[in-house]
Every structure is written in structure tokens, then in C-alpha cells.
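Protein sequence lines correspond, in order, to chains A and B.
13 is the number of the first residue of the first sequence in this note's numbering; add one for each residue after it.
13 is the number of the first residue of the second sequence in this note's numbering; add one for each residue after it.
We treat Cβ as the ideally placed atom computed from N, Cα and C, and that holds for glycine.
What follows is a short report on a single structure.
There are 2 protein chains.
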Amino acid sequence: MGNEFRVDREMVVGAYTELVRQMSAKRIRRLAEHLRSRELSLNQYSILNIVHYEEGCSSIQLANRLQLKAASITYLVDSLEKRKLVTRVENPEDRRSHTIHLTEEGLELVCVPENHAEMFGMFEQLGQDELEMLYLAMRLIRSKCLGEEQEH
Amino acid sequence: MGNEFRVDREMVVGAYTELVRQMSAKRIRRLAEHLRSRELSLNQYSILNIVHYEEGCSSIQLANRLQLKAASITYLVDSLEKRKLVTRVENPEDRRSHTIHLTEEGLELVCVPENHAEMFGMFEQLGQDELEMLYLAMRLIRSKCLGEEQEH
DNA sequence: TATTGTTATACTCTATAACTATA
DNA sequence: TATAGTTATAGAGTATAACAATA
Numbered sequence: 013m014g015n016e017f018r019v020d021r022e023m024v025v026g027a028y029t030e031l032v033r034q035m036s037a038k039r040i041r042r043l044a045e046h047l048r049s050r051e052l053s054l055n056q057y058s059i060l061n062i063v064h065y066e067e068g069c070s071s072i073q074l075a076n077r078l079q080l081k082a083a084s085i086t087y088l089v090d091s092l093e094k095r096k097l098v099t100r101v102e103n104p105e106d107r108r109s110h111t112i113h114l115t116e117e118g119l120e121l122v123c124v125p126e127n128h129a130e131m132f133g134m135f136e137q138l139g140q141d142e143l144e145m146l147y148l149a150m151r152l153i154r155s156k157c158l159g160e161e162q163e164h
Numbered sequence: 013m014g015n016e017f018r019v020d021r022e023m024v025v026g027a028y029t030e031l032v033r034q035m036s037a038k039r040i041r042r043l044a045e046h047l048r049s050r051e052l053s054l055n056q057y058s059i060l061n062i063v064h065y066e067e068g069c070s071s072i073q074l075a076n077r078l079q080l081k082a083a084s085i086t087y088l089v090d091s092l093e094k095r096k097l098v099t100r101v102e103n104p105e106d107r108r109s110h111t112i113h114l115t116e117e118g119l120e121l122v123c124v125p126e127n128h129a130e131m132f133g134m135f136e137q138l139g140q141d142e143l144e145m146l147y148l149a150m151r152l153i154r155s156k157c158l159g160e161e162q163e164h
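Below is the structure:
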């Protein structure tokens, strides 16, 4: 019989677009919940996140990453410093500049709890073959389609 | 020979989490760009979006969907009405209430251009077999894992 | 001179509370 | 009384411009 069913790139693009829309919606909802309950704005959270993954970061770097003006970064870092979530440390190599670091308390807010049970639940209905297909497909997307993406 | 390589749910959850992170990052970046260039805030855009898909919508509905107070909706809708992106129409069934509709100009801003060329480019390296596997996997996720999600 | 970052100020967005009009 | 929405006001977040300290 063979496979008369033809999948073309147009179909894949359509399916991908719709999938990203749905997957993102779920993820964004969980993040929003996390931020509301911790009384963090999105940009405050992003600063914690970037500082965490960069293991220390200057104002200028934050301004570039977040597409905000330096003055806004000063305001936001002030607000985080008051809550003892970050500290400014002098940069010995350039005395104009400070490096922003996470405190222990800041570190605790960076991780959005994944709700592991819910994640597991998502894949509950899948059999072993389906799990394997999915896993291969996801690895394929990451290696051949998403390319150099690496955002924290 | 068989397939000795075992994929378990833990691996699938891990791969899925990472994939969503990367896919969302790309999508969010494009949306942010769209909004910046159109001088729309995220909530202004969300209002256009909801009003579009609901084909007209009351303030209360918007407040619920966006988790904002009624006064904030008034402010945002005012700002959109001044730019002639939406109109308030009296609701004949309840004279306290207005229905918010998109104008032609508003409609133009709702669609975030998908950058079709870039999307196509993403799947450029895939052969026919890979395209088919991907397509099936994406349909599988939507039908068996994401469930009832339907967000606009 | 150029760069890093802060301060002063104004504008946008959001919440709270008091209010109007209608149900 | 309750509900849909607005107005007035205060506080958070962001941008612009002027500035200080350092490169």
C-alpha cells in the first residue's frame, strides 16, 4: 500500500506554529502565576534569571538583554537590592562598573517550579512507541531546526 | 537487534521542557519586536487579540481574561480608541455595558507577521522522512498531551 | 572623548476607592 | 441591592536628559 499521505513543509510549518502557540501559553501562564505570588515584575524576574545564568552581570549587559535604558536598570536593581535579592559588587578591572550577583534569597526565586506531576500527567496517555517517537522528534527539532538558540 | 535504547517518561519530560523553553523564546522575541515597532504594550495587544477572536467583547470579559481591574481596562481601551484601533458599541441588551470591536486599522495590528521565510528555513535541512515524523509527533502532542488548551 | 552608571523628571500603566447609570 | 463601567488619585515602571566618575 505504501504511504500515499504526503507531508509537505507548509503543513509542518502550520503544525509547528500552532504547537508553539499552545505550548507557550501553558508555560507563560505558569510563569505569570509564579511572578504574581512572589510580587516580581517580569523585568525584575528577568534580571534575577540573567544574573543567575551569567553568574554575575553588569548594568549595561542587562540593558542590552532586556532592551531597557540604563536608568531603568538602575531603578530595577535598586528595587531588587532593597529586597536583598541581588548585590552590587565593585568591578576591580573597571572602577566605573559594578557586577550584579544573586543572593541566596534571590536564587530561591529564580526557579519557576516545574510542577513535575503535571508534566508527567501530560505524557500519561502515551505508549512506549509514542514516547520514543516524540523523544526523537524533539531532539530532531532542537538539533536541526532551532539551531543556535540559547536563552535563559 | 531490536531497540535496546529505552526512552522513559523522565527523558521525554526533560526534552519537552527544554524544547518549550527554546520555542517560546523565539516566539516571544518576535512578538516583542512586533509590539515595539507598533508602539503597543503587551496588554494593549492582548485586548486587540481577544476582541478579534471573540468578535467583540465587554470590559468585564477583558478584565477577567487579562487579570486586570476594570479601571485599567478603561484606561487601555481609551488609549486604543484614541488611536482608532477599537470602538465601543452600546449593548442593546444591557444599557450599562459596551461591546468593544476592532476597527480595520486594529485588525492590521493583530497579526504578528510569521516571517514565513524564516519558518520555512527552520525545516530546510529535514528530509521527507523527518518531516513526516515531525508532523506526526506534533499532532500527537496536541491531541494527547496538550488537551483542552485554546488560547488566542 | 567615550563609557558606565546615577539622578531628576515626566509619562505610561495599574490598583484602589468613590461614583453614575442601569439591572 | 448588585453589576458594568468611569473618574480621581497614588504608586510602580520606563524613558529622556543632564550629570559624575572613570577609561
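Assigned secondary structure, residue i (DSSP; H/G/I helix, E/B strand, else coil)
| i | result |
| --- | --- |
| Leu114 of chain A | strand |
| Arg100 of chain A | strand |
| Arg154 of chain B | helix |
| Gly14 of chain A | Because the pLDDT of Gly14 of chain A is 48, which lies under 50, any placement of that residue in the model is unreliable, and the number read from its coordinates should be weighed accordingly. Correct three-state label for Gly14 of chain A: coil. |
| Gly139 of chain A | coil |
| Gly133 of chain A | helix |
| His164 of chain B | The pLDDT assigned to His164 of chain B is 38, lower than 50, so where the model puts this residue is not dependable; a value taken from the coordinates is nonetheless given after this. Of the three classes helix, strand and coil, the one that applies to His164 of chain B here is coil, per DSSP. |
| Glu105 of chain A | coil |
| Leu146 of chain B | helix |
Backbone CA spacing between residue i and residue j [nearest angstrom]
| i | j | result |
| --- | --- | --- |
| Lys96 of chain B | Gly118 of chain B | 7 Å |
| Gln137 of chain A | Ala149 of chain A | 18 Å |
| Val32 of chain B | Gly26 of chain A | 17 Å |
| Glu67 of chain B | His46 of chain A | 31 Å |
| Ser36 of chain A | Glu30 of chain B | 12 Å |
| Ile72 of chain A | Leu60 of chain A | 15 Å |
| Ile62 of chain B | Phe135 of chain A | 30 Å |
| Leu78 of chain B | Glu22 of chain A | 33 Å |
| Leu152 of chain B | Asn76 of chain B | 31 Å |
| Val101 of chain B | Arg107 of chain B | 10 Å |
| Glu105 of chain B | Ser58 of chain B | 26 Å |
| Tyr28 of chain A | Tyr28 of chain B | 14 Å |
| Leu143 of chain A | Val19 of chain A | 21 Å |
| Thr99 of chain A | Arg48 of chain A | 23 Å |
| Gln34 of chain B | Arg154 of chain A | 8 Å |
Residue interval of the alpha helix (DSSP H) (run including residue i)
| i | result |
| --- | --- |
| Arg42 of chain A | 21 to 50 |
| Glu126 of chain B | Where Glu126 of chain B is concerned, there is no enclosing alpha helix (DSSP H), given that its DSSP letter is neither H nor E. |
| Lys94 of chain B | 82 to 94 |
| Glu66 of chain A | 54 to 66 |
| Ser71 of chain A | 71 to 78 |
Residues near residue i in its chain [Cβ-Cβ closer than 7 Å; skip 5 each side]
| i | result |
| --- | --- |
| Gln56 of chain B | Leu88, Ser91, Leu92 |
| Arg50 of chain A | Leu121 |
Neighbourhood of residue i by C-beta, 6 Å cutoff - its chain only, sequence neighbours within 5 removed
| i | result |
| --- | --- |
| Ala83 of chain B | none |
| His64 of chain A | Leu114, Val122 |
| Leu43 of chain B | Val124 |
Residues near residue i by beta carbon distance below 8 Å, same chain, minus five either side
| i | result |
| --- | --- |
| Asn103 of chain B | Ser70, Ser109, His110, Thr111 |
| Met145 of chain B | none |
| Lys38 of chain B | none |
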